[in-house]
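K.L.:
Mind looking over this structure? Questions follow.
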Amino acid sequence: LFAGETDFVKGVVAMDGLPPADRIEVCFAGRSNVGKSSLINALTGRKGLARASNTPGRTQEINFFTAGEEHYLVDLPGYGFANAPLAVVEKWQRLLKRYLSGRQNLRRAFVLVDHRHGVKPVDEEIMSLLDSSAVTFQCVLTKEDKVKAKDRERILDQVREKLSKHPAAFPELIVTSSEKGDGIETLRSTIATLV
Ligand code: GTP
Ligand code: MG
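This is the structure:
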C-alpha cells in the first residue's frame, strides 16, 4: 500500500511549521521507546526511515512522513521519559495540544502501548487529552513478540478496561510486532480505509 512511496517531509516544533493539511493524516503517540518509529518503518516497509529523523535534539519535534499519494503519518515525540526538564515537558504539551485540537485533516491517533506493560497513567493522560480534543484514537499494542503468553490476556483485559473510560477511544485493539510483522497489514488497511 505505502511501500516505496514514503518520504520524510519535515520535523516541526511550532504550529506555523506544519505542512499543508492536504492529505489524510494519522498520528502515532506513545511512551518513549514504545516502538513508534519502528512501527512507521514497518508500515512503510522502509527500515530506518523514521529512525533517520530521530536524531538527538530533534526529539521534541513532530515528524511528518508521506505514505503513498494520500496520507501523512506523523511520529509524535515520545512522552513519559524520566528526568526531562519541566520546561521542555510543558513546551511539548502545549505544542501537542495545539496540534491535536487544530489539525483538521487528522483522522485518527494511534496510541501505542507496550503489550508487556499495559496502559500506564501517562498513557491515560494522553487519552484524556485526545478525548477533550475530540480526536478518535485507537490503541495499538506493540512488541507482541516479547509478551509472555501467560500475561497476554490479562493485559488485553486491562487495556480494554482503561479504554472503556475514554469516549474518544475506538474499541478495537490492534496487536502488533514490528519485529515479526504481526498486525502490520491490519494497521495498514485500517489507515487506508480512513477518508
Ligand atoms: P522514541 O522515539 O524515543 O519515543 O521511541 P519510539 O517509540 O520511536 O521507539 P523505537 O521505534 O525507537 O523502538 C524502541 C526500541 O524497541 C528499539 O530498540 C526497537 O528495536 C524496539 N522495538 C520496537 N518495536 C519492536 C517490536 O515489535 N519487537 C521488539 N522485540 N522490539 C521492538
Ligand atoms: Mg521514535
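Each residue of the sequence shown is one higher than the one before, starting from 22 at the first, in the UniProt record's numbering. The beta carbon of each residue, even a glycine, is placed where N, CA and C say it ideally should be.
#1: Between the C-alpha atoms of G204 and M36, what's the straight-line distance to the nearest angstrom?
#2: Tell me, to the nearest whole angstrom, how far the beta carbon of K57 is from that of G99; I am working on the premise that it is less than 8 Å.
#3: Output the boundary residues of the alpha helix (DSSP H) element that contains A35.
#4: So, is L133 buried or exposed, given that buried needs 16 or more other C-beta atoms within 10 angstroms?
#5: May I have all residues whose beta carbon comes closer than 6 Å to any heavy atom of ligand 1, sorted in chain order?
#6: Since R129 and T157 are thought to touch, with beta carbons under 8 Å apart, how far apart are those beta carbons, to the nearest angstrom?
#7: What does the Cβ neighbour count give for V168, buried or exposed, with the cut at 16 atoms within 10 Å?
P.N.:
Result, derived from the coordinates:
#1: The alpha-carbon atoms of G204 and M36 are separated by roughly 32 Å.
#2: About 7 Å; that satisfies the 8 Å criterion.
#3: Judged by DSSP secondary structure, A35 falls outside any alpha helix (DSSP H); it is assigned neither H nor E.
#4: If you draw a 10 Å sphere on the C-beta of L133, you find 16 or more other C-beta atoms in it, and that means buried.
#5: Every residue passing the under-6 Å Cβ criterion appears here: G51, S53, N54, V55, G56, K57, S58, S59, N75, G99, T163, K164, D166, K167, S198, S199, E200.
#6: That pair is a contact at about 5 Å.
#7: V168 is buried by the Cβ-count criterion.
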